[in-house]
Amino acid sequence: MNSIIKRTVAVLSVLFLLFSVSACGGKKLEETTLAPTTAPATTKPVVVQRNRLTGLDNLSKNAQNTRPVAIMVNNITQSLPQYGIYKADLMFECLVEGGITRMMAVFADYTKVPKVCSVRSCRYYFPIFAYGLDAVYFCFGCNKSLGQKTLDRLKIDYFDGAQNYDELVFGRDPDRLGRYSREHTAYVDGTNIPELFKKYKIRTSYKTGKDTYIFNFVSPQKVSGEKCEKLTLNFSNYYYSTFTYDAKKKVYLKQHNGKDQMDSKAEKQLSYKNVFALETDVSLYDGGPLVQMNWKGGTGYYVSMGTVKKIKWTKPSEISNIVVTDLDGKVINVNSGNSYIGILNKGETEFVKT
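Position 41 (the sequence shown) corresponds to 147 in the numbering used here; numbering is contiguous.
Next up, the structure:
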C-alpha cells in the first residue's frame, strides 16, 4: 500500500512541475525528463523539449536552446503559391510599398527548416521583429536606406542572397525560371542551414535572457465568450488576409485576397491555432514609396478556438518581444500552437458573420 502511495505522489509531482513550466510565460525553459514508473529498466527516459515559439513539446534533442530562423517570403500575387512555409511556427505579415504585403516565416528549429520559396527583400521592421526573437535573418535583397541601416545598426546575424550569395542555401528554382519573373524564383534551402552556420561560425544558442517563451502558453481553450468564426485583415485596398475557423481541426484557415493560401509542396492550406491582428500607425516614409510602421505597439485582437479577445500590444524596445495584454494591461494567456501575426493600420480588422 505504501509503495502505491509513493508512486502516486511521484507522478502527481511530475505533472505539477510540467503544468507549472507550460503555464508560466517569461520563465526560463529547461528540459524535463519523464520516466514511466512502471517502465522496464532498459527503457530510456524521454527528453521533452518545449518549443519557445509555440509552447508545444515538439522539438528534437538537437534543437535544445537553439535560435530560430526568420525568412522573408514573397507574397505578391504573381509569385504564388509559396512553398516550405506550412510548418512555420510563427508567421508575420505586414504591408510594404505598392499596397502589397510581405511575410516572414519563423522556424524554431534551425536544423529542420525546409526549402522555402520564393524569398524576397528586407524591409526595416521585419528584422526588428526578428531581432526580438534572437533569430538569424534571411532575405534576398534589401533597400539601401532604412532596411540596410537597420541590419547594420542592430548587428543582427543575417544572410542576404543579393549580397553574400552562398550556394549552400541560396538558389533559383529551375521549375520557376521561365514561368515566373526572376524576382519570384529565389529560394533558401533550409536543409543546409546547419552547415552554413558552421561555415560562418554563427552562434546557434539563445542569448542569455532570450531563452523564454514568447507568450504565456496554456492548453487550448476559448479566449472569451465572444464568437469569431471569420475575420479579415485589410492591409490595403488591394491586399487582404481572411481567416475562417475550422471547428473540427480547431485552427483558422488562411485565404489571400479571397483564395486559399497554399503551400504547394505540402499541398496544404496555411492554418494557425492563433491569429493576432495587431493594429498600429502605418504610413509612407517621408512621403515616398516605402512604408514606415509604429512597431512599438497599439491595440488589436487575439483570435483562437472560435473566439476573439480585444487586446493591447507593445514592443518596448527593438530587442524586446511583442507583449500582448488585455485592455486592463494584464498579460494574456495564449493557446499552445502556431501563430499568425498580422500588423496593419488602425480600424482595418473586419469581423465577418457566417
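A virtual CB, placed ideally from N, CA and C, is assigned to each residue, including glycine. The structure displayed is predicted, hence computed values, not measured ones.
Same chain only: Cβ atoms within 7 Å of residue i, ignoring 5 sequence neighbours per side
{"i": "leucine 201", "result": "Thr207, Phe341, Ser342, Val388, Val397, Leu450"}
{"i": "tyrosine 312", "result": "Asn171, Arg173, Asp240"}
Unbroken alpha helix (DSSP H) run spanning residue i, endpoints
{"i": "glutamate 301", "result": "299-306"}
{"i": "alanine 236", "result": "231-238"}
{"i": "leucine 260", "result": "252-260"}
Sequence-distant residues of the same chain with beta carbon closer than 6 Å to residue i, five excluded per side
{"i": "tyrosine 358", "result": "Phe349, Tyr351, Tyr378, Val381"}
{"i": "phenylalanine 244", "result": "Ile177, Phe265, Val294"}
{"i": "glutamine 254", "result": "Cys248"}
{"i": "tyrosine 344", "result": "Gly205"}
{"i": "threonine 386", "result": "Asn400, Gly404"}
{"i": "phenylalanine 276", "result": "Gly267"}
{"i": "proline 187", "result": "Met368, Ser370"}
{"i": "lysine 452", "result": "Glu385"}
{"i": "lysine 374", "result": "Tyr192"}
Residue range of the unbroken beta strand (DSSP E) whose run includes residue i
{"i": "arginine 278", "result": "276-278"}
{"i": "alanine 176", "result": "175-179"}
{"i": "cysteine 223", "result": "221-223"}
{"i": "asparagine 157", "result": "Per DSSP, asparagine 157 belongs to no beta strand (DSSP E) and is neither H nor E."}
{"i": "valine 294", "result": "292-295"}
{"i": "glutamate 456", "result": "455-457"}
{"i": "valine 212", "result": "207-213"}
{"i": "leucine 201", "result": "196-201"}
{"i": "phenylalanine 382", "result": "380-386"}
{"i": "tyrosine 243", "result": "242-245"}
{"i": "tyrosine 264", "result": "264-266"}
Cβ-Cβ distance between residue i and residue j below 8 Å
{"i": "tryptophan 419", "j": "isoleucine 428", "result": "yes"}
{"i": "valine 222", "j": "tyrosine 293", "result": "yes"}
{"i": "threonine 455", "j": "leucine 339", "result": "yes"}
{"i": "leucine 384", "j": "isoleucine 447", "result": "yes"}
{"i": "arginine 156", "j": "threonine 310", "result": "no"}
{"i": "phenylalanine 265", "j": "serine 442", "result": "no"}
{"i": "tyrosine 216", "j": "aspartate 369", "result": "no"}
{"i": "glutamine 327", "j": "methionine 411", "result": "yes"}
{"i": "valine 458", "j": "leucine 337", "result": "yes"}
{"i": "leucine 239", "j": "isoleucine 182", "result": "no"}
{"i": "valine 175", "j": "valine 219", "result": "yes"}
{"i": "asparagine 444", "j": "threonine 160", "result": "yes"}
{"i": "glycine 331", "j": "glycine 190", "result": "no"}
{"i": "alanine 236", "j": "leucine 165", "result": "no"}
{"i": "aspartate 195", "j": "valine 212", "result": "yes"}
{"i": "serine 287", "j": "glutamine 361", "result": "no"}
{"i": "valine 430", "j": "cysteine 334", "result": "no"}
{"i": "proline 233", "j": "threonine 256", "result": "yes"}
{"i": "glutamate 199", "j": "serine 423", "result": "no"}
{"i": "arginine 158", "j": "threonine 314", "result": "no"}
{"i": "asparagine 298", "j": "leucine 274", "result": "yes"}
{"i": "lysine 73", "j": "lysine 402", "result": "A question about residue 73 goes unanswered here, because the residues of the chain that appear run from 107 up to 460."}
Contacts around residue i, its chain only, beta-carbon distance under 8 Å, and the 5 residues preceding and following it disregarded
{"i": "threonine 114", "result": "Residue placement at threonine 114 is poorly supported in this model, since its pLDDT is 41, which falls under 50; the coordinates still yield a value, given next. Once the five neighbours on either side are set aside, threonine 114 has no close Cβ partner at all."}
{"i": "arginine 282", "result": "Cys223, Ser224, His290, Thr291"}
{"i": "isoleucine 308", "result": "Val242, Asp263, Leu302"}
Query raised in the report: Quick check: the stretch 187-205 against the stretch 165-172, are there 3 or more CB pairs under 8 Å?
Result: no
Query raised in the report: Are the stretch 405-416 and the stretch 223-232 in contact at 8 Å, needing three or more beta carbon pairs?
Result: Judged by Cβ distances under 8 Å, the stretch 405-416 makes no contact with the stretch 223-232, as fewer than three pairs qualify.
Report task. Check whether the stretch 298-316 touches the stretch 265-282, taking contact to mean three or more Cβ pairs, one atom from each stretch, closer than 8 Å. Result -> yes
Requested in this report: Only counting runs of 3 or more residues, tell me where the beta strand (DSSP E) segments fall wholly within the stretch 395-449, in order along the chain.
Outcome: Within the stretch 395-449, the runs of beta strand (DSSP E) that reach at least 3 residues and sit entirely inside it are, in chain order, 397-399, 403-410, 413-420, 429-431, 439-441.
**Report entry** In chain order, each alpha helix (DSSP H) run of at least 4 residues that lies wholly inside the stretch 299-371
**Finding:** Within the stretch 299-371, the complete alpha helix (DSSP H) segments of 4 residues or longer fall at 299-306, listed in chain order.
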